[in-house]
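Peer 1:
2 protein chains.
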Amino acid sequence: MTETNVNNDTHRVGTQAQEVAGLLIGDIISGKLPQGSRISEPELSRQYGVGRGPLREAILKLEGAGLVVRAPHVGARVVTLTQTELSEMFAVREALEGMAAKLAATHMTDQQLHELESLLNTHARYIQDHEGQAYFDQEGDLDFHYRVIKGSCNQRLIRSLCDELYHLIQMYRKTSGRRARPEEALIEHQMIFKALKDRDGELAEMLMRRHIARARREIEQFIDPDKQS
Amino acid sequence: MTETNVNNDTHRVGTQAQEVAGLLIGDIISGKLPQGSRISEPELSRQYGVGRGPLREAILKLEGAGLVVRAPHVGARVVTLTQTELSEMFAVREALEGMAAKLAATHMTDQQLHELESLLNTHARYIQDHEGQAYFDQEGDLDFHYRVIKGSCNQRLIRSLCDELYHLIQMYRKTSGRRARPEEALIEHQMIFKALKDRDGELAEMLMRRHIARARREIEQFIDPDKQS
DNA sequence: AAAACCTGAATTGTTAACAATAATTTGTAA
DNA sequence: TTACAAATTATTGTTAACAATTCAGGTTTT
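Protein chains in written order, with the working numbering: chain D, 5 to 233; chain W, 5 to 233.
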């Protein structure tokens, strides 16, 4: 039915396994493969038009990224983000991205800082418009965080955050549909930017951690109002 | 030659791929497969007595853990820990394990705290003996850190640290052979324990971060005395 | 002599068939 | 009707053969 034959691409970017891994990630964070749904090797093998080998490699890769869980002789399922898992994710994110902000304060170039500033100005306009709020909610917010992370210049940190955690964050946002307080988030972003511009790593880390901790508390309240860390 | 046929095991624990992954990890952190050495699929396939399929799965898994790097159509090599990569690792470790200490302060049971205390007493005796220093250097230090990490009760944190970073740490220790200041380390461990016992998460995090940052600075000096972060 | 190109061998990527395990279904008995 | 058990089915784990790509060596050309 929904044939997304990978071989139709005229020029392959990498191997089929990499290609399929990318498609799978897309299908998961877009919600096409909902949380908890089974990953049937024969079925997806047909849909993507590849053998089971490359598909298995893709699944292995996604398992490493934490997007799917596998049980021997049973199969793979898209991970289900429970309240606990979300909390755990945000704790890790708080630690890693705080460190990223701290490092970014010393490693970002003036050029990068300038671009970050104009990005924030764009966001401000979007929010004033009150129309492009959807943009800010989805991509704009991530844009800011991605730039700070990249600014850390720590490859391992970048990989942990961008290749593992952020897929799950996007997945959560897509499925829960919810998003909140763009104005407050923008203000917090601006404060973080100020700290980065001042090359104050300690402050940048503290602000980033609080920024993420706030989002985490909101999620916890939203899902289970009684529970409080 | 060195036949480590996996099928000789009378009762399999999991799948062959899991088995081989464990063996590979052991061979890498023990130094049997040195840094930068090629991982030849046909050769290791024969040595471990399994087909290429399970071996490839094992390699994929190790790639996810960061123990090997792969290039398409070229193959996999054991990762080479450069000075930069070590620094990056320790920055991530500082962030994650600091958070782990913070969480452990609220989540560890009195029982776990008691066991941790007796572990520290054992270490103190070992160091007094001046004989078992080797033990403390290798396993004792890790024991302490593992317990704090597990005490965080954050599964994702535990996985990131124990299944990914700590393999690399062990690999570094084995290959570099170097280890330092057991007395200072013990004192720092005792301070961290005190903070955990007092349920002071903020202090526990700060102490753990400084503990790791100190080890990191030492490594940086040891490898490149001029360079200072 | 050096560089570019072609050729062969070896390795990785991929596929398809086989084996082993788990889930489902069906049948039987209480 | 329900509970249990055996057999069937479908899926995963594994192997072996095939295809595609890279690397090494030698040859040719400038």
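We put the beta carbon where it would ideally sit given N, CA and C, even for glycine. For clarity, every value in this text was computed on a predicted model and none was experimentally measured.
Go through the segment 27 to 75 of chain D residue by residue and report every complete run of the alpha helix (DSSP H) that reaches 4 residues or more, in order.
Peer 2: With a minimum length of 4 residues, the continuous alpha helix (DSSP H) runs that stay inside the segment 27 to 75 of chain D are 45 to 52 and 56 to 69.
Peer 1: If you draw a straight line from the C-alpha of F197 of chain W to the C-alpha of E98 of chain D, how long is it?
Peer 2: In a straight line, the C-alpha of F197 of chain W is about 23 Å away from that of E98 of chain D.
Peer 1: Check the Cβ-Cβ distances between R160 of chain D and every residue of chain W, and say whether any is below 8 Å.
Peer 2: So yes, R160 of chain D belongs to the interface.
Peer 1: With DSSP as the reference, label R81 of chain W as helix, strand or coil.
Peer 2: The answer is strand: DSSP assigns R81 of chain W an E or B state.
Peer 1: Return helix, strand or coil for C157 of chain D, following the three-state DSSP convention.
Peer 2: Correct three-state label for C157 of chain D: coil.
Peer 1: Where does M112 of chain D sit, in a helix, a strand or coil, going by DSSP?
Peer 2: Note: M112 of chain D maps to coil in three-state DSSP.
Peer 1: Between the Cα of Q20 of chain D and those of D:I33, D:S44, D:S49 and D:S41, spot the shortest distance and give me the residue it belongs to.
Peer 2: That would be D:S49, whose Cα lies nearest to the Cα of Q20 of chain D.
Peer 1: What residues of chain D sit near E98 of chain W, judged by a beta carbon separation below 8 Å?
Peer 2: The contacting residues are M103.
Peer 1: List the residues of chain W that K65 of chain D touches, going by C-beta distances under 9 Å, in chain order.
Peer 2: Correct list: L64, E67 and G68.
Peer 1: List the residues of chain W whose Cβ lies closer than 9 Å to the Cβ of L107 of chain D, in chain order.
Peer 2: The answer, in chain order, is A95.
Peer 1: I'd like to know if K231 of chain W contacts chain D, where contact means its C-beta is closer than 8 Å to some C-beta of that chain.
Peer 2: Here K231 of chain W scores only 41 on pLDDT, less than 50, and its place in the model is too uncertain to base an answer on.
Peer 1: Using 10 angstroms around the beta-carbon of G35 of chain D, count the other beta-carbons present and answer buried if the total reaches 16, otherwise exposed.
Peer 2: Answer is exposed; the Cβ neighbour count stays below 16.
Peer 1: Checking 8 Å against the spacing of the C-beta atoms, do S234 of chain W and R74 of chain W come in under that value?
Peer 2: With chain W running from 5 to 233 in the structure shown, residue 234 of chain W is simply not present.
Peer 1: Take the Cβ of G155 of chain D as the centre, count every other Cβ of all protein chains shown within 10 Å, and call the residue buried at 16 or more, exposed below.
Peer 2: Looking at its Cβ environment, which holds 16 or more other Cβ atoms inside 10 Å, G155 of chain D is buried.
Peer 1: By the DSSP assignment, the alpha helix (DSSP H) with H171 of chain W in it spans what residues?
Peer 2: Where H171 of chain W is concerned, the enclosing alpha helix (DSSP H) stretches over Y170 to S180.
Peer 1: Under 8 Å, do V96 of chain D and S122 of chain W count as touching if we go by C-beta distance?
Peer 2: No, the Cβ-Cβ distance between V96 of chain D and S122 of chain W is not below 8 Å.
Peer 1: Only counting the same chain, and skipping five residues up and downstream in sequence, which positions put a Cβ closer than 6 Å to that of A105 of chain D?
Peer 2: So the qualifying residues of the chain are V152, A208, E209 and M212.
Peer 1: Can you give the Cα-Cα distance for E89 of chain D and Y150 of chain W, rounded to whole angstroms?
Peer 2: The alpha-carbon atoms of E89 of chain D and Y150 of chain W are separated by roughly 21 Å.
Peer 1: Starting from the Cα of F148 of chain D, find the closest Cα among D:Q132, D:Y170 and D:K65 and give me that residue.
Peer 2: Among D:Q132, D:Y170 and D:K65, the Cα nearest to that of F148 of chain D is on D:Y170.
Peer 1: Going along the segment 182 to 200 of chain W in order, which residues come within less than 7 Å of chain D, judged by CB to CB distance?
Peer 2: Cβ contacts with chain D: none found.
Peer 1: Three or more C-beta pairs under 8 Å: does that hold for the segment 111 to 128 of chain D against the segment 191 to 205 of chain D?
Peer 2: Result yes; three or more Cβ-Cβ pairs closer than 8 Å.
Peer 1: So, helix, strand or coil for H134 of chain W, using DSSP?
Peer 2: Note: H134 of chain W maps to coil in three-state DSSP.
Peer 1: Are there 16 or more other CB atoms within 10 angstroms of the CB of H77 of chain W, so buried, or fewer, so exposed?
Peer 2: Looking at its Cβ environment, which holds fewer than 16 other Cβ atoms inside 10 Å, H77 of chain W is exposed.
Peer 1: Between the alpha carbons of K231 of chain W and E222 of chain W, how many angstroms are there, rounded?
Peer 2: Its pLDDT being 41, under 50, K231 of chain W is placed unreliably by the model, and nothing is read from it.
Peer 1: Got a sec, what are the start and stop residues for the alpha helix (DSSP H) Q194 of chain D sits in?
Peer 2: P186 to K201 is the extent of the alpha helix (DSSP H) around Q194 of chain D.
Peer 1: Would S164 of chain D count as contacting chain W if we go by Cβ distances under 8 Å?
Peer 2: Answer yes: the Cβ-Cβ gap between S164 of chain D and chain W drops below 8 Å somewhere.
Peer 1: Please list, in chain order, the residues of the segment 18 to 31 of chain W that have any C-beta partner in chain D closer than 7 Å.
Peer 2: Flagged, chain order: G18 and T19.
Peer 1: Please classify E143 of chain D as buried or exposed, where buried requires at least 16 neighbouring CB atoms within 10 angstroms.
Peer 2: E143 of chain D should be labelled exposed.
Peer 1: Please go through the same chain and pick out, in chain order, the residues whose beta-carbon is closer than 6 Å to the beta-carbon of D13 of chain W, but skip the five residues on each side of it.
Peer 2: Legend: pLDDT at D13 of chain W = 47, less than 50; position of this residue unreliable, value from coordinates given subsequently. Correct list: empty, nothing qualifies.
Peer 1: List the residues of chain D whose Cβ lies closer than 8 Å to the Cβ of P1 of chain W, in chain order.
Peer 2: With chain W covering only 5 through 233, there is no way to say anything about residue 1 of chain W.
Peer 1: Within 10 angstroms of its Cβ, does N158 of chain W collect 16 or more other Cβ (buried), or is it exposed?
Peer 2: So N158 of chain W counts as buried.
Peer 1: Identify the contact partners of A92 of chain W in chain D, using a Cβ-Cβ distance below 8 Å as the criterion.
Peer 2: Contrary to the premise, residue 92 of chain W reads as Glu rather than Ala in this sequence. Simply N158, Q159, R160 and L161.
Peer 1: Is there at least one Cβ from chain W nearer than 8 Å to E61 of chain D's Cβ?
Peer 2: It does; some Cβ of chain W falls within 8 Å.
Peer 1: Where E192 of chain W and H215 of chain W are concerned, what is the direct C-alpha to C-alpha distance, given to the nearest angstrom?
Peer 2: If I take the Cα positions, the gap works out to 7 Å.
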